[in-house]
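Report on the structure given below.
Number of protein chains: 2
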Amino acid sequence: MTLPLNTILSGDCIAMMDSLPAKSVDLVFADPPYNLQLGGELLRPNNSKVEGVDEEWDRFSDFAAYDAFTRAWLKSARRILKDDGALWVIGSYHNIFRVGAILQDLGYWMLNDIVWRKTNPMPNFKGTRFTNAHETMIWCAKSAETRYTFNYDSMKALNDDLQMRSDWTLPLCTGGERLKSGGKKTHPTQKPESLLYRVLMASTKPGDVVLDPFFGTGTTGAVAKKLGRNFIGCERDPEYIAAAKERIAKVIPVADPSVLMAISKRSEPRIPFGSVLERGLLNPGDLLFGGTRHDKVAKVRADGTLITDIHRGSIHKVGALVQNAPACNGWTYWHFQAGHDEFMPIDVLRQKIRAELH
Amino acid sequence: MTLPLNTILSGDCIAMMDSLPAKSVDLVFADPPYNLQLGGELLRPNNSKVEGVDEEWDRFSDFAAYDAFTRAWLKSARRILKDDGALWVIGSYHNIFRVGAILQDLGYWMLNDIVWRKTNPMPNFKGTRFTNAHETMIWCAKSAETRYTFNYDSMKALNDDLQMRSDWTLPLCTGGERLKSGGKKTHPTQKPESLLYRVLMASTKPGDVVLDPFFGTGTTGAVAKKLGRNFIGCERDPEYIAAAKERIAKVIPVADPSVLMAISKRSEPRIPFGSVLERGLLNPGDLLFGGTRHDKVAKVRADGTLITDIHRGSIHKVGALVQNAPACNGWTYWHFQAGHDEFMPIDVLRQKIRAELH
DNA sequence: GAATCATTTGAATCTTTAC
DNA sequence: GGTAAAGATTCAAATGATT
């Protein structure tokens, strides 16, 4: 079976997900309904307050229904996730704690909880509580043992070369981005594209398949299309589906795929230190220098090992030994003499070789 | 029975709470074990060791054991709470979702979840996830029908006459405030007094009784005494108790809490260039132009870096490289094409984002 | 003594590949 | 499956050392 890529499946998300092949999706992003147990359900039809044991039973039954629903869709999502896939859920204090506990119970492995700080939240008009100015997202891998995609360098770049933190400050979806029909908002809880931009940039690769079980008006699909990812949406409401289709059709994908690729040291090809010798960038007998004052010295041997008066081994091993450190990256630790008083890390030689590979 | 006010009860918190009269306490503040379940040792890039939390009190065999423990102490706490009392719990993603779900199951009524944004969190040294830069507190009333204390105006005053939001930006407990014994921290997870200050100012009145079931080194007691509230602590570890007693003895209550309200002024928020992309003000693949004749050209990548035929990096770095200059302010150097022959500096896009923050 | 630079540290579920 | 080796990786703030 081929996946219904870049389409919206009309119907209940559990049935829809169950119709897809197992281990076929790279990412699930879910914005499920918030807990329905609020307000009126605490009142009887005659408006008297529910009290005592009845109260607890009622409430338990409400939470139980929400829990059962949550468990069901999270189970279905887990089946279709690839083993190295991941899942995001967004919610508020009404539902996110139940969602989080069930995620853990099902074996998902939490990677972060992310706080979306709203720059422009709705104030608390009655002054009864703190302004509810954030929502919470949970990001988790399929299990504690599985791998997952995290474009660390992209996130760092997006944040002016500082590690991206677990709190994200972004505005609500308003203005031209907010879908309207007949002057009213099409969907009550449309999420901003900036939020999905960061989610997809962080945890997917170009070409990945992203499934959204509660597609709504298609923010996930719109951003996925823009960023060169494939999407699958599940949605029951025909009006939302129509709005999402129209919206996504207008999205222009980024034309140049090269601007989408994450650049990470981890994904670059490995270069053995021996290659540096084979290409004559260094020669057997050359000296390498380590330490802040370049006072540690080692001699390069023809087989690519280093030797000092007492140590012998790889650039990493000898680097660790001369520093008496548990570990060492020899590429950045060792320097060669490039001029009278100029030392350069041997990593530049590796870069030279890597450049030739392109 | 009279309450053991302003004392530390030595022993298990559940037994201690069960020994107190029902409906006798105005507030419970709890910093329970987080159930971190850390793996092996973790080294910083400089190879120094991170002191993790591996205390016996944070070890649980599985989620079921942690849940049973959580349910037990939350039940005991609920019995001793006055009907118009409230409870706070702090935690991280390791435990807070389980705590939150159990709170709801027991009939507590959530008022807010509060995010403590750390100004100086520990980074993610291995680049595997987002920097875990926050913890979560849940504030709840005893039930949906009960009243609770919220000093709305105090909170507004604390926040420059703006409603206090659900995200609080506060530094970790370090420096002189951090209790040390023999050069090492007395308690691995001592909370900052600023956090408790805000909690107690928000949700208690002078003279109220505040119980902390996991008293540790007594931050709750210290701030309670300072603010003219009464405290009751429960703690098992004699060393923590001794440190807390000594600490609290030194606290001088303040006559007028308003003198403590000095709150750091917010500085102009830093806007990473990546935000411009996330918000769609520029798009991946767009061209930027530098130089007086706009003859330097760079392409915007999806992660917020720029790329030319030979250079790659942040707006500042690439700006410097194309000019062969030591440094460059990319915000003013780079321009985007706003019309047929019109170029505008990308700084106007930053201004646009800043305006939304106010 | 002031200024500058180097070191330390904080609730952390913290690697990947080859053999 | 396990073990060993390669090699990638940190931010803010306080404290201590040096000039």
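For the protein sequence lines, the chains are A and B, in the order given.
Using UniProt numbering, the first residue of the first sequence is number 1, and each one after it goes up by one.
Using UniProt numbering, the first residue of the second sequence is number 1, and each one after it goes up by one.
For every residue, glycine included, the Cβ atom is placed at its ideal position computed from N, Cα and C.
All of these numbers come straight from a predicted model, not from anything done at the bench.
Rounded straight-line distance, which links the Cα of P272 (chain B) to that of V322 (chain B)
As a working note, residue 322 (chain B) is residue 322 in the second sequence. As a working note, residue 272 (chain B) is residue 272 in the second sequence. Rounded to whole angstroms, V322 (chain B) to P272 (chain B) spans 21 Å at the Cα level.
Return yes when the Cβ of Y240 (chain B) is within less than 8 Å of the Cβ of H187 (chain B), no when it is not.
Residue 187 (chain B) sits at position 187 when you count from the first residue of the second sequence. Residue 240 (chain B) sits at position 240 when you count from the first residue of the second sequence. Contact: yes.
Helix, strand or coil at T220 (chain B) [DSSP, three-state]
If you number the second sequence from 1, residue 220 (chain B) lands on position 220. T220 (chain B): helix per DSSP, three-state reduction.
Among residues of its own chain, excluding the 5 on either side of L38 (chain A), which ones have a beta-carbon nearer than 6 Å to its beta-carbon?
Locating residue 38 (chain A) in the first sequence gives position 38, where the first residue counts as 1. Reliability fails at L38 (chain A), whose pLDDT of 47 lies under 50, so the model's placement of it is uncertain and no value is given.
Closer than 8 Å between beta carbons: that is the criterion. Which residues of the region 283 to 306 of chain B meet it against chain A?
N283, P284, G285, K299, V300, R301, A302, D303, G304 and T305
Contact list for the region 205 to 231 of chain B against chain A, Cβ threshold 7 Å:
none
Taking all protein chains shown into account, decide if E246 (chain A) is buried (16 or more other Cβ within 10 angstroms of its Cβ) or exposed.
Within the first sequence, residue 246 (chain A) is the residue found at index 246, counting from 1. Under this definition E246 (chain A) is an exposed residue.
Can you find the residues in the same chain that come closer than 6 Å, C-beta to C-beta, to P33 (chain B), ignoring five residues on each side of it along the sequence?
To locate residue 33 (chain B), count along the second sequence from 1; it is residue 33. W57 and D58, listed in sequence order.
Residues that Q190 (chain B) contacts on chain A, provided the C-beta gap is smaller than 8 Å
Translated into the one-based positions of the second sequence, residue 190 (chain B) becomes position 190. Those do not exist, as Q190 (chain B) stays about 21 Å from chain A at its closest Cβ, beyond 8 Å.
Quick check on S10 (chain B): does DSSP put it in helix, strand or coil?
For the purposes of this step, residue 10 (chain B) is identified with residue 10 of the second sequence, where counting begins at 1. If DSSP states are grouped into helix, strand and coil, S10 (chain B) belongs with the strands.
Nonlocal neighbours in the same chain, by C-beta distance under 6 Å from N95 (chain A), ignoring five residues either side:
On the first sequence, residue 95 (chain A) is found 95 positions in, with the first residue counted as 1. Excluding positions up to five away in sequence, the list reads Y34 and N35.
Using a cut-off of 8 Å between C-beta atoms, extract the partners of L43 (chain B) located in chain A.
Position 43 of the second sequence, counted from the first residue, corresponds to residue 43 (chain B). The answer, in chain order, is P326 and A327.
If you run the structure through DSSP and keep just helix, strand and coil, what is W334 (chain A)?
To locate residue 334 (chain A), count along the first sequence from 1; it is residue 334. Here W334 (chain A) sits in coil by DSSP.
Would N120 (chain B) be called buried (16 or more neighbouring beta carbons within 10 Å of its own) or exposed?
Translated into positions along the second sequence, residue 120 (chain B) becomes position 120. When all chains shown are included, N120 (chain B) counts as exposed.
Note down, in chain order, each residue of its chain lying with its Cβ closer than 8 Å to the Cβ of K225 (chain B), except the 5 sequence neighbours on either side.
Here residue 225 (chain B) refers to the residue found at position 225 of the second sequence. Once the five neighbours on either side are set aside, the close Cβ partners of K225 (chain B) are N6, F231, I248, V251 and P253.
Flag this pair as yes or no: are the beta carbons of A22 (chain A) and R79 (chain A) separated by less than 8 Å?
If you number the first sequence from 1, residue 22 (chain A) lands on position 22. If you number the first sequence from 1, residue 79 (chain A) lands on position 79. Closer than 8 Å, so yes.
Taking the straight line between their C-alpha atoms, what separation do you get for Y152 (chain B) and D161 (chain B)?
For this step, residue 152 (chain B) is matched to residue 152 along the second sequence. For this step, residue 161 (chain B) is matched to residue 161 along the second sequence. So the alpha carbons of these two residues sit roughly 11 Å apart.
Beta carbon of R354 (chain B), beta carbon of P269 (chain B): below 8 Å?
Indexing the second sequence from 1 puts residue 354 (chain B) at position 354. Indexing the second sequence from 1 puts residue 269 (chain B) at position 269. It is a contact, given that the beta carbons lie within the stated cut-off.
Proximal residues to L179 (chain A) (C-beta, below 8 Å), its chain only, five neighbours per side dropped:
Sequence index remark: in the first sequence, residue 179 (chain A) carries index 179 (1-based). The answer, listed in chain order, is K185, T186, H187, Q190, T217, A243 and R247.
Does N159 (chain A) come within less than 8 Å of chain B when only Cβ atoms are used?
As a first step, residue 159 (chain A) must be located in the first sequence, where it is residue number 159. For N159 (chain A), the answer is yes, since a Cβ of chain B falls inside 8 Å of its Cβ.
Helix, strand or coil at L106 (chain B) [DSSP, three-state]:
Counted from its first residue, the second sequence places residue 106 (chain B) at position 106. Three-state result, L106 (chain B): coil.
Helix, strand or coil: which one does DSSP assign to D58 (chain A)?
Working through the first sequence from its first residue, we reach residue 58 (chain A) at position 58. Because the pLDDT of D58 (chain A) is 33, which lies under 50, any placement of that residue in the model is unreliable, and the question is left without a value.
Name the chain B residues whose beta carbon is nearer than 7 Å to that of Y152 (chain A)?
Taking the first sequence and counting its residues from 1, the one referred to as residue 152 (chain A) is at position 152. Going along chain B in sequence order, the residues near Y152 (chain A) (Cβ under 7 Å) are G127.
Report yes if the CB atom of D18 (chain B) is closer than 8 Å to the CB atom of G85 (chain B), and no otherwise.
For the purposes of this step, residue 18 (chain B) is taken as residue 18 along the second sequence, with counting starting at 1. For the purposes of this step, residue 85 (chain B) is taken as residue 85 along the second sequence, with counting starting at 1. Contact flag unset, no.
Between A:V300, A:L211, A:L227 and A:D309, which lies nearest to I315 (chain A) when the distance is taken from Cα to Cα?
Taking the first residue of the first sequence as 1, we reach residue 315 (chain A) at position 315. Of the listed residues, the one whose Cα sits closest to I315 (chain A) is A:V300.
Going along the region 87 to 108 of chain A in order, which residues come within less than 9 Å of chain B, judged by CB to CB distance?
S92, Y93, H94, I96, F97, R98, V99, G100, A101, I102, L103, Q104 and D105
Chain-ordered residues of the region 158 to 180 of chain B with a beta carbon less than 8 Å from chain A:
Q163, M164, R165, S166 and D167
Which of the three DSSP states, helix, strand or coil, is assigned to H316 (chain B)?
To locate residue 316 (chain B), count along the second sequence from 1; it is residue 316. Here H316 (chain B) sits in helix by DSSP.
Would a C-beta distance cut-off of 8 Å place D347 (chain B) and F214 (chain B) closer than the cut-off?
What you label residue 347 (chain B) is simply residue 347 of the second sequence in a count that begins at 1. What you label residue 214 (chain B) is simply residue 214 of the second sequence in a count that begins at 1. Not closer than 8 Å, so no.
Closer than 8 Å to chain A by CB, A320 (chain B):
Counting from one through the second sequence, the residue named residue 320 (chain B) turns up at place 320. No, A320 (chain B) does not count as interfacial toward chain A.
Can you give me the start and stop residues for the beta strand (DSSP E) that P345 (chain B) sits inside?
Here residue 345 (chain B) refers to the residue found at position 345 of the second sequence. It spans E342 to P345 - the beta strand (DSSP E) in which P345 (chain B) sits, taken as one unbroken run.
Taking three-plus beta-carbon pairs below 8 Å as touching, is the region 59 to 73 of chain A in contact with the region 70 to 78 of chain B?
no
Would you mind telling me which residues of chain A sit closer than 8 Å to G40 (chain B), beta carbon to beta carbon, in chain order?
By one-based count along the second sequence, residue 40 (chain B) stands at place 40. Within 8 Å Cβ-Cβ: nothing; G40 (chain B) doesn't reach chain A, min ~12 Å.
Using 10 angstroms around the beta-carbon of D208 (chain B), count the other beta-carbons present and answer buried if the total reaches 16, otherwise exposed.
What you label residue 208 (chain B) is simply residue 208 of the second sequence in a count that begins at 1. By the 10 Å Cβ count, D208 (chain B) comes out buried.
Return the chain-ordered list of same chain residues with a C-beta closer than 6 Å to the C-beta of V318 (chain A), the five sequence neighbours on each side being excluded.
In the first sequence, residue 318 (chain A) corresponds to position 318, counting from 1. Result list for V318 (chain A): A298, L306 and H311, in chain order.
From what residue to what residue does the beta strand (DSSP E) around G91 (chain B) run?
Here residue 91 (chain B) refers to the residue found at position 91 of the second sequence. Per DSSP, G91 (chain B) belongs to the beta strand (DSSP E) from L81 to G91.
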